[in-house]
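Peer 1: Quick one: this structure, given as structure tokens, is what I'll be asking you about.
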Amino acid sequence: MATATTLAPGASAPPGFARDARRCHGDSRSECAVVHGDNLDAMRRLARAGFAGRFRCAYFDPPFNSGRRFVEYDDALSPAAWLSAVRERLACARDLLAADGAIFVEIDDTEVGALQVAMDELFGREQRVSTVTVVRSAATGHKAQNRGPVNVTDFLLVYARDRARWRPNRLVRERATYDRAYRTWLDDPGAPCARWRFRPLGERVREALGRAPTRAETERFAVDNAGHVVRFAQPRFEAVSRAAQALIERSRREPARVLRLRRPGRRDLLLRAGNRVLFLADKVVQIDGRPRLVEPLTNVWDDVPFQGIAREGGARFVRNKKPEALLARILSLATDPGDWVLDAYLGSGTTAAVAHKMGRRWIGVERGDHLDAMCLPRLRRVVDGEDPTGASRTFSWQGGGGFHVWT
Ligand SMILES: C[S@@+](CC[C@H](N)C(=O)[O-])C[C@H]1O[C@@H](n2cnc3c(N)ncnc32)[C@H](O)[C@@H]1O
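Each residue of the sequence shown is one higher than the one before, starting from -11 at the first, in the numbering used here.
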């Protein structure tokens, strides 16, 4: 557990803000801050104070206009009033984004249409990166009684400030099922490829176990020995270089040999009988010390648990709190350590808590009274190393740093 140092009483806020020393916490050298106030005014002041063009990632989780009145905030505006308020704020957010930054706005189907039209206009349709479907519940409990489709999703509308300059990190997720096209074994992948000989994967597993393997055993063996396991796939002839096309044609004429084309900066092209030789090893990564089969992240996120997060961060923010795992994914995708993250609808502080645990610099804005009741206590526990929940284990979080509160 890290011991928090007391913030220097003289530490100052940027121009246009006052520092509330009583509510600041931890290391006074920290650049992270919570702004208590309306986010439109706060973002305008941030822009004037030199934060324009600074944020690599903004995550906004505005009220969805659900028609409900929550204890913490009112979520029942006319569609026009809701849109006008969100539009103004997104325009400010765009100016705060770095040239290589991106914004993720979470929304459900009540206002997703209006929001997408507004974001196309504000950011430019060509800056639209993705519309991610986030599965947040299942058709169980009282929802199972519904007639018609049961609504179980949120959406993340993702826009870059400048798509040409946005460089997200490559993320993968664990595959639920084995790709059975990988059913061929290569005894000696270290030998020159002209000498490679292939045989069925099942034969090799039977040899290793001394009996007929189950399907699960075969798949486990394949993943554990992924450097030996391959599939064959037809290349897209018209999409490859001239050199590659020539080699494909030669490979069709000499089907028994494996041919290799070295490609600077890219994986070698390996061909047998005109087909590409693809290794399972390229789809396996070590997670918790074990090789696991992974696939690239898609725009359907159905693997982030929304259930069981009530205790995360020790903040009870019924219905509205988002999982730390969701923010961890967004920040892993869109930021690197030290980057600046903005959340203008901070709520219970999820974005700030996760950004802190991941070594990002952050600013969060919240106007509600629950800031003092819920969000700041949560962030103090993060700084003091007293929050073992959420993303703490993933990032081996022990505590440290600090944050300011500006008004
Ligand atoms: C859906 S909640 C955000 C939840 C948050 N993502 C979390 O995980 O805890 C929306 C939050 O935005 C705040 N909010 C709404 N309008 C605001 C405004 N104009 N200025 C600042 N905060 C605002 C509300 O008080 C509420 O806490």
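Glycine included, each C-beta is placed from N, C-alpha and C at the ideal position.
Please name the residue or residues paired with I297 in a DSSP beta bridge.
Peer 2: In the sequence shown, the residue the question calls residue 297 occupies position 309. BP columns for I297 are empty, so no partner.
Peer 1: Whole angstroms are fine: how far does the CA of S380 sit from the CA of R36?
Peer 2: Taking the first residue of the sequence shown as 1, we reach residue 36 at position 48. Taking the first residue of the sequence shown as 1, we reach residue 380 at position 392. Each residue's alpha carbon lies about 34 Å from the other.
Peer 1: Whether or not the region 246 to 266 and the region 154 to 168 are in contact is what I'm after, with contact meaning three or more pairs of Cβ atoms, one per stretch, closer than 8 Å; do they touch?
Peer 2: No: the two stretches stay apart, fewer than three of their Cβ pairs being nearer than 8 Å.
Peer 1: Out of curiosity, what's the CA-to-CA distance linking A132 and L330?
Peer 2: Taking the sequence shown and counting its residues from 1, one reaches residue 132 at position 144. Taking the sequence shown and counting its residues from 1, one reaches residue 330 at position 342. In a straight line, the C-alpha of A132 is about 37 Å away from that of L330.
Peer 1: Compare the C-alpha of P50 against each of E191, S66 and R77 and name the closest.
Peer 2: Translated into the one-based positions of the sequence shown, residue 50 becomes position 62. Considering only alpha carbons, the answer is R77.
Peer 1: Just how far apart, CA to CA, sit A214 and P279?
Peer 2: For the purposes of this step, residue 214 is identified with residue 226 of the sequence shown, where counting begins at 1. For the purposes of this step, residue 279 is identified with residue 291 of the sequence shown, where counting begins at 1. Roughly 9 Å between the two C-alpha positions.
Peer 1: May I have a chain-ordered list of the beta strand (DSSP E) segments no shorter than 3 residues that lie completely inside the region 317 to 345?
Peer 2: Within the region 317 to 345, the complete beta strand (DSSP E) runs of at least 3 residues are 328 to 331.
Peer 1: For P2 and C20, I'd like the C-alpha separation in whole angstroms.
Peer 2: Here residue 2 refers to the residue found at position 14 when the sequence shown is read from its first residue. Here residue 20 refers to the residue found at position 32 when the sequence shown is read from its first residue. In a straight line, the C-alpha of P2 is about 12 Å away from that of C20.
Peer 1: Does the pairing of the region 32 to 48 with the region 361 to 378 give three or more beta-carbon distances under 8 Å?
Peer 2: No, because fewer than three Cβ pairs between the region 32 to 48 and the region 361 to 378 fall closer than 8 Å, the two stretches do not touch.
Peer 1: When you compare each of T206, R348 and A6 to E191 by their alpha carbons, which one comes out closest?
Peer 2: Counting from 1 along the sequence shown, the entry for residue 191 is found at position 203. For the residues T206, R348 and A6, the minimum Cα distance to E191 belongs to T206.
Peer 1: Quick one: residues in its chain with C-beta nearer than 6 Å to the C-beta of W70, no 5 flanking neighbours on either side, listed in chain order?
Peer 2: Sequence index remark: in the sequence shown, residue 70 carries index 82 (1-based). If we look at W70 and ignore the five residues flanking it on each side, its Cβ neighbours are N53.
Peer 1: For G130, count neighbouring C-beta atoms within 10 Å of its own C-beta (all shown protein chains included) and say buried if the count is 16 or more, exposed if not.
Peer 2: In the sequence shown, the residue the question calls residue 130 occupies position 142. For clarity, residue 130 is His in the given sequence; the question names Gly instead. Result: exposed.
Peer 1: Measuring straight from C-alpha to C-alpha, what distance separates S320 and G337?
Peer 2: If you number the sequence shown from 1, residue 320 lands on position 332. If you number the sequence shown from 1, residue 337 lands on position 349. Looking at the two C-alpha atoms, the distance is approximately 18 Å.
Peer 1: Do you know whose CA, among L334, H344, R238 and T377, lies nearest V23's CA?
Peer 2: Along the sequence shown, read from residue 1 onward, the residue named residue 23 stands at position 35. Out of L334, H344, R238 and T377, L334 has the C-alpha closest to the C-alpha of V23.
Peer 1: With C-beta atoms as the reference, is R241 less than 8 Å away from L247?
Peer 2: Within the sequence shown, residue 241 is the residue found at index 253, counting from 1. Within the sequence shown, residue 247 is the residue found at index 259, counting from 1. No, the pair does not count as a contact, with Cβ atoms beyond the cut-off.
Peer 1: Can you name, in chain order, every residue of its own chain whose Cβ lies under 7 Å from the Cβ of K396, other than the five neighbours on each side?
Peer 2: An answer regarding residue 396 cannot be provided, because it is not within the stretch -11 to 395 covered by the chain.
Peer 1: Could you pull out every residue in the same chain whose Cβ sits closer than 8 Å to the Cβ of F225, ignoring the five residues on either side in sequence?
Peer 2: Walking along the sequence shown from the start, residue 225 turns up at place 237. Excluding sequence neighbours, F225 sits near Q233 and I236.
Peer 1: Going straight from the alpha carbon of P(-3) to that of G389, what length do you get?
Peer 2: Taking the sequence shown and counting its residues from 1, the one referred to as residue -3 is at position 9. Taking the sequence shown and counting its residues from 1, the one referred to as residue 389 is at position 401. Residue confidence is low: P(-3) scores 47 on pLDDT, short of 50, so the model does not pin down where it sits. Its coordinate-derived value is still stated next. For P(-3) and G389, the distance between alpha carbons rounds to 16 Å.
Peer 1: Indicate the three-state DSSP secondary structure (helix, strand or coil) for L257 in the structure shown.
Peer 2: Counting from one through the sequence shown, the residue named residue 257 turns up at place 269. If DSSP states are grouped into helix, strand and coil, L257 belongs with the strands.
Peer 1: Which partner residues does N53 have in the DSSP bridge list?
Peer 2: Numbered from its first residue, the sequence shown carries residue 53 at position 65. N53 is not bridged to any residue.
Peer 1: What three-state label does DSSP hand Q115 in the structure shown?
Peer 2: Residue 115 sits at position 127 when you count from the first residue of the sequence shown. Here Q115 sits in helix by DSSP.
Peer 1: Which residues does DSSP pair with K274 in a beta bridge?
Peer 2: Residue 274 sits at position 286 when you count from the first residue of the sequence shown. Per the sequence presented here, residue 274 reads as Gln, with Lys not at that position. Per DSSP, P279.
Peer 1: Report the residue from G277, R194 and A106 whose alpha carbon sits nearest the alpha carbon of A68.
Peer 2: Counting from one through the sequence shown, the residue named residue 68 turns up at place 80. Among G277, R194 and A106, the Cα nearest to that of A68 belongs to A106.
Peer 1: Please name the residue or residues paired with L266 in a DSSP beta bridge.
Peer 2: Looking up residue 266 in the sequence shown gives position 278. L266 is bridged to R219.
Peer 1: Starting from the C-beta of G356, find all residues in its chain whose C-beta is less than 7 Å away, skip the five residues before and the five after it, and write them out in chain order.
Peer 2: Here residue 356 corresponds to residue number 368 of the sequence shown, with the count starting at 1. So the qualifying residues of the chain are E60 and Y61.
Peer 1: Which residues mark the beginning and the end of the beta strand (DSSP E) in which L247 is found?
Peer 2: To locate residue 247, count along the sequence shown from 1; it is residue 259. Here the beta strand (DSSP E) through L247 covers V246 to L249.
Peer 1: Could you please give the first and the last residue of the uninterrupted beta strand (DSSP E) stretch that includes T141?
Peer 2: Taking the sequence shown and counting its residues from 1, one reaches residue 141 at position 153. Per DSSP, T141 belongs to the beta strand (DSSP E) from T141 to A148.
Peer 1: So is the beta-carbon of R44 under 7 Å away from any non-hydrogen atom of ligand 1?
Peer 2: Walking along the sequence shown from the start, residue 44 turns up at place 56. Result no, Cβ not under 7 Å from ligand 1.
Peer 1: State yes or no: is the C-beta of S336 nearer than 7 Å to some heavy atom of ligand 1?
Peer 2: Counting from 1 along the sequence shown, the entry for residue 336 is found at position 348. For ligand 1, at least one heavy atom lies less than 7 Å from the Cβ of S336.
Peer 1: Alpha carbon to alpha carbon, what distance is there between R10 and W332?
Peer 2: Position 344 of the sequence shown, counted from the first residue, corresponds to residue 332. Position 22 of the sequence shown, counted from the first residue, corresponds to residue 10. Looking at the sequence shown, residue 332 is not Trp but Ala. Whole-angstrom Cα-Cα distance: 22 Å.
Peer 1: Relative to ligand 1, is the shortest distance from any of its heavy atoms to the C-beta of N308 smaller than 7 Å?
Peer 2: What you label residue 308 is simply residue 320 of the sequence shown in a count that begins at 1. Yes, Cβ of N308 sits closer than 7 Å to a heavy atom of ligand 1.
Peer 1: Based on Cα-Cα distance, which residue from A340, V117 and G347 lies nearest to H392?
Peer 2: By 1-based counting over the sequence shown, the position of residue 392 is 404. H392 has its Cα closest to that of A340, out of A340, V117 and G347.
Peer 1: Going by the beta-carbon positions, is the gap between L210 and L174 smaller than 8 Å?
Peer 2: Numbered from its first residue, the sequence shown carries residue 210 at position 222. Numbered from its first residue, the sequence shown carries residue 174 at position 186. Residue 210 is actually Ala in this sequence, not Leu. Going by C-beta atoms, A210 is not nearer than 8 Å to L174.
Peer 1: Assess contact between the region 137 to 154 and the region 107 to 126, defined as three or more Cβ pairs (one per stretch) separated by less than 8 Å. Is contact present?
Peer 2: In short, these stretches touch, since the Cβ pair count reaches three.
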